[in-house]
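There are 2 protein chains.
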Amino acid sequence: MRPLFHPSIDDVTVEGILHALSDPVRASIYARLAGLDCAATCTALQQAGDRTIPKSSLSQHFRVLREAGLVRSERAGVEMHNTTRCAEIEQRFPGLIPAILNAHRVQAADALPSRTPGRRTATAVVRKKAKGR
Amino acid sequence: MRPLFHPSIDDVTVEGILHALSDPVRASIYARLAGLDCAATCTALQQAGDRTIPKSSLSQHFRVLREAGLVRSERAGVEMHNTTRCAEIEQRFPGLIPAILNAHRVQAADALPSRTPGRRTATAVVRKKAKGR
DNA sequence: TGCCGTAGTTCAAGATATACGAACTATGGA
DNA sequence: TCCATAGTTCGTATATCTTGAACTACGGCA
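For the record, the sequence lines run as chains X and C.
Mapping of the first sequence onto the working numbering: position 35 corresponds to residue 414, and the numbering continues sequentially without gaps.
Mapping of the second sequence onto the working numbering: position 100 corresponds to residue 479, and the numbering continues sequentially without gaps.
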């Protein structure tokens, strides 16, 4: 089993962060982790919205978050303790993470009243509309 | 030729925006467009860093930006006039775009002094490091 | 009106990345 | 030593991205 890789804060890129958080599952995981004031195990964050993420996918998602520099994962006995690296990132890219988390909140608040279910990315929506090309 | 699709501002998603801007080429295009106070044609933005983007790729990139709700494209004679939809997005997701653009600036300023060339996403960097697994 | 040049789009196929079940590893008890 | 739990890695099916080649749309000019 490869040891977990955490990039130095100087190697963290905007592209990496945006890519990591452009996935609804990862964004949800990260938002919940950021809302906590303590570490969380992977399985504690296995529910995204209405569905349960398979273990293998969950592991990949955590790897992406970790390699983007967004979370720090440390083995603690049989489980894994995940924490955000908010403070470090705030120092390097001031305001970025709060703005993204806030935007996610706005969108979630927006979607609820009309019961719009599982909105996907703009691209996905368009693809669906334009299917019969 | 399909008419150009622009999502209503209410259909614009955070995921779509982050995904669109998580690509270095698109981020560069968008940043330069946002820095302008007038419309720009596609070819005017064809240089990204040191390389020239092929026309077909450029077209795809503009489609992604457009469908994410980030830019508005209007045909003007033989060419295309592209403008950002900053104001609309600022209203829906306050602070998001400025934070991202600022982060890109920080990163660019960071990379120059040490002449670090064409940094890729964190994932790509890691993949390279871990190639001989 | 027909023809040409320019700007951009669409198509197709190869490269690359993602999702997830099955098999595996690491750790802590009993 | 054996088992259960938490997570990782592998393999493969699927989706997305990149880009050259072919195409469309428009304007200008003879």
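Ideal Cβ placement from N, Cα and C applies to all residues, glycine included.
If you're wondering where the values come from, they're calculated on a predicted model, not measured in any experiment.
Exercise for review: Please name the residue or residues paired with M459/X in a DSSP beta bridge.
Suggested key: R454/X
Point to revise | Helix, strand or coil at T431/C [DSSP, three-state] | key: strand
Check your understanding: Which residues in chain X sit within 9 angstroms of R471/C, going by Cβ to Cβ distance?
Key -> A482, V485, Q486 and D489
Exercise for review: For my contact list, T420/X and H460/X are in at a C-beta cut-off of 8 angstroms; report their separation, rounded to the angstrom.
Suggested key: 7 angstroms
Exercise for review: Would you please verify whether the beta carbon of S438/C is less than 9 angstroms from any beta carbon of chain X?
Suggested key: no
Check your understanding: Using 8 angstroms as the threshold, is the region 431-441 of chain X in touch with the region 450-465 of chain C, meaning 3 or more CB pairs across them?
Key -> no
Exercise for review: Check each residue of the region 391-409 of chain C: if its Cβ is closer than 9 angstroms to any Cβ of chain X, include it; give the result in chain order.
Suggested key: V391, T392, V393, E394, G395, I396, L397, H398, A399, L400, S401, D402, P403 and A406
Review point. Shortest alpha-carbon distance to T463/X belongs to which of E394/X, S436/X and R405/X?
Key: R405/X
Practice item. Could you tell me whether the Cβ of G414/X comes closer than 9 angstroms to any Cβ of chain C? Key: no
**Study point:** Beta-carbon neighbours of G474/C, restricted to chain X and to distances below 9 angstroms
**Key:** G474, P477, A478, N481 and A482
Point to revise | Cβ of D389/X within 9 angstroms of any chain C Cβ | key: yes
Practice item. Look at the alpha carbon of P382/X and the alpha carbon of E446/X, and state the distance between them as a whole number of angstroms. Key: 12 angstroms
**Study point:** Where A419/C sits in the DSSP three-state scheme
**Key:** strand
Check your understanding: Who are the near neighbours of T431/X in its chain, counting only those whose CB is closer than 8 angstroms to its CB and skipping five residues on each side?
Key -> Q425
Review point. S401/X: buried (16+ other C-beta within 10 angstroms of its C-beta) or exposed?
Key: buried
Point to revise | Pick from P477/C, F472/C and V485/C that is closest to A488/X, judged by C-alpha positions | key: F472/C
Check your understanding: For Q470/X, which three-state DSSP category applies?
Key -> helix
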